[in-house]
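Accompanying notes for the structure given below.
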DNA sequence: GACAAGCACTTGACAAAACATAGTGCTATC
DNA sequence: GATAGCACTATGTTTTGTCAAGTGCTTGTC
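Chains as they are written, first to last, in the numbering used here: chain A, 2 to 117; chain B, 2 to 117.
Spelled out as structure tokens, the structure:
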């Protein structure tokens with residue numbers, strides 16, 4: 002490697018954060034959960050139809066990172082509750098930033114994206 | 002429990018924004034460009050070694066969305082400059098939010114590969 | 001009591017995205 | 001005059017995400 006002796010601490014924090022959040026449905030999941038805890042299938046529908054395999058994987062990763070808590074209410078009639086931890090809820094700022102950016106700068110249905 | 006029958010129209014602003022930003026190197030690219038315009042290979046190195054095919058695709062997509070501008074300085078000794086548009090620079094808030102979240106909630110413990 | 005539907009997932013085959021690597025045509029440096 | 005660099009594109013492999021179906025159980029409807 003050439004000159005990769007870059008600043009370690011600061012650069013990596015963002016890098017890592019981006020890597021965590023950049024998974025396919027991750028932000029969607031967080032956003033949905035920000036609106037309240039819910040079950041697996043419910044969550045899948047809420048975020049717009051993520052398939053169970055991916056959702057499961059994401060949720061597991063998120064739980065592993067301490068952003069999401071999985072609470073099994075009952076095993077027999079399967080009932081699970083996913084909710085955000087404090088770290089997860091702290092992503093509200095990120096989601097809000099994305100939301101406001103999207104509303105302002107992304108081509109909306111009202112405006113065609115035929116920008117020159 | 003709010004009804005999830007979400008019409009595309011309203012939800013789409015965030016949904017779209019997330020979809021745009023969730024691409025593999027997108028945020029990384031924006032973050033690097035936030036620090037100043039640069040060339041193709043330079044950018045690839047700055048974001049940590051994205052392969053050219055992906056970077057090219059991302060850049061093209063970003064340019065198509067009006068977030069990034071590509072300026073060809075010279076064709077023969079190839080020299081290109083990529084920089085952010087106003088919409089792209091507006092992502093600074095998003096990047097900052099992610100950065101501060103990452104620094105606070107994703108510190109050293111999670112810095113390693115956290116696949117359980 | 002039988003039967004469809006729903007819950008929370010898992011499995012497995014498949015497609016799409018990202019990957020590494022090599023190569024293009026040129027110049028500037030060694 | 002060989003090497004390395006620029007901005008990319010082309011090729012083939014690996015990773016990631018997707019669809020469809022299935023599991024064991026309960027609940028609701030008849």
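Even for Gly, the Cβ is constructed at its ideal location relative to N, Cα and C. Values in this document were obtained by computation on a predicted structure and should not be read as measured data.
Is there a Cβ from chain B that is less than 9 Å from the Cβ of residue 73 (chain A)?
Numbered from its first residue, the first chain carries residue 73 (chain A) at position 72. For residue 73 (chain A), the answer is no, since every Cβ of chain B falls outside 9 Å of its Cβ.
For residue 32 (chain A), does the count of other Cβ atoms within 10 angstroms reach 16, so buried, or fall short, so exposed?
As a first step, residue 32 (chain A) must be located in the first chain, where it is residue number 31. By the 10 Å Cβ count, residue 32 (chain A) comes out buried.
First and last residue of the alpha helix (DSSP H) that includes residue 30 (chain B)?
The count along the second chain starts at 1 and reaches residue 30 (chain B) at position 29. That run of the alpha helix (DSSP H) goes 27–35.
Which runs of the beta strand (DSSP E), 3 residues or longer, sit entirely within the region 30–110 of chain B?
69–75 and 80–85
What's the C-alpha gap between residue 104 (chain A) and residue 15 (chain B)?
Against the first chain, residue 104 (chain A) aligns to sequence position 103. Against the second chain, residue 15 (chain B) aligns to sequence position 14. Going by the C-alpha atoms only, they are around 7 Å apart.
Residues in its own chain within less than 6 Å of residue 81 (chain B) by CB, not counting five upstream and five downstream?
Taking the second chain and counting its residues from 1, one reaches residue 81 (chain B) at position 80. Counting only Cβ-Cβ distances below 6 Å, and skipping sequence neighbours, we find 40, 41 and 73.
Roughly how many angstroms lie between the CA atoms of residue 71 (chain B) and residue 60 (chain B), to the nearest whole one?
Position 70 of the second chain, counting from 1, holds the residue named residue 71 (chain B). Position 59 of the second chain, counting from 1, holds the residue named residue 60 (chain B). The straight-line gap from Cα to Cα measures roughly 8 Å.
DSSP three-state assignment for residue 15 (chain B), whether helix, strand or coil
Sequence index remark: in the second chain, residue 15 (chain B) carries index 14 (1-based). Residue 15 (chain B): helix per DSSP, three-state reduction.
Residue 69 (chain A) and residue 22 (chain A): beta carbons closer than 9 Å?
If you number the first chain from 1, residue 69 (chain A) lands on position 68. If you number the first chain from 1, residue 22 (chain A) lands on position 21. No, the pair does not count as a contact, with Cβ atoms beyond the cut-off.
Comparing the C-beta of residue 58 (chain B) with each C-beta of chain A, is any distance below 9 Å?
Stepping through the second chain from its first residue, residue 58 (chain B) is reached at position 57. No, residue 58 (chain B) lies away from the interface with chain A (no Cβ there is under 9 Å from its Cβ).
9 Å Cβ cutoff, residue 69 (chain B) in contact with chain A:
Numbered from its first residue, the second chain carries residue 69 (chain B) at position 68. Taking Cβ atoms only, chain A never reaches closer than 9 Å to residue 69 (chain B), which makes this a no.
Residue 56 (chain A) to residue 26 (chain A), Cα distance in whole Å?
The residue given as residue 56 (chain A) occupies position 55 in the first chain. The residue given as residue 26 (chain A) occupies position 25 in the first chain. Rounded to the nearest angstrom, the two C-alpha atoms are 7 Å apart.
Beta-carbon separation (whole angstroms), residue 86 (chain B) vs residue 67 (chain B), contact threshold 8 Å:
Counting from 1 along the second chain, the entry for residue 86 (chain B) is found at position 85. Counting from 1 along the second chain, the entry for residue 67 (chain B) is found at position 66. 6 Å between Cβ atoms; contact.
Quick one: list the residues of chain A neighbouring residue 16 (chain B), beta-carbon separation under 8 Å, in chain order.
Numbered from its first residue, the second chain carries residue 16 (chain B) at position 15. Per Cβ cutoff of 8 Å: 29 and 49.
Kindly indicate which residue of A:58, A:91 and A:28 has the alpha-carbon position closest to the one of residue 49 (chain A).
Locating residue 49 (chain A) in the first chain gives position 48, counting from the first residue. Among A:58, A:91 and A:28, the Cα nearest to that of residue 49 (chain A) belongs to A:28.
Under 7 Å by beta carbon: chain B residues contacting residue 35 (chain A):
Along the first chain, read from residue 1 onward, the residue named residue 35 (chain A) stands at position 34. Under the 7 Å cutoff, chain B gives no residues; its nearest Cβ is about 11 Å from residue 35 (chain A).
Roughly how many angstroms separate the alpha carbons of residue 37 (chain B) and residue 24 (chain B), rounded to a whole number?
Within the second chain, numbered from 1, the residue matching residue 37 (chain B) stands at position 36. Within the second chain, numbered from 1, the residue matching residue 24 (chain B) stands at position 23. Cα to Cα, residue 37 (chain B) sits roughly 21 Å from residue 24 (chain B).
For a contact meaning CB atoms closer than 9 Å, what does residue 40 (chain B) contact in chain A?
Residue mapping note: residue 40 (chain B) aligns to position 39 of the second chain, counting from 1. Chain A residues near residue 40 (chain B): none, gap ~15 Å exceeds 9 Å.
Per-residue contacts from residue 98 (chain A) into chain B (C-beta, under 7 Å)
Position 97 of the first chain, counted from the first residue, corresponds to residue 98 (chain A). Chain B residues near residue 98 (chain A): 94, 95 and 98.
If you compare alpha carbons, which of A:102, A:20, A:89 and A:62 is closest to residue 34 (chain A)?
Working through the first chain from its first residue, we reach residue 34 (chain A) at position 33. Of A:102, A:20, A:89 and A:62, the residue nearest in Cα terms is A:89.
What residues of chain B sit near residue 88 (chain A), judged by a beta carbon separation below 9 Å?
Within the first chain, the letter at position 87 stands for residue 88 (chain A). Within chain B, the residues near residue 88 (chain A) are 102, 105, 106 and 107.
For residue 58 (chain B), the nearest candidate out of B:30, B:79 and B:19 (CA to CA)
As a working note, residue 58 (chain B) is residue 57 in the second chain. Considering only alpha carbons, the answer is B:30.
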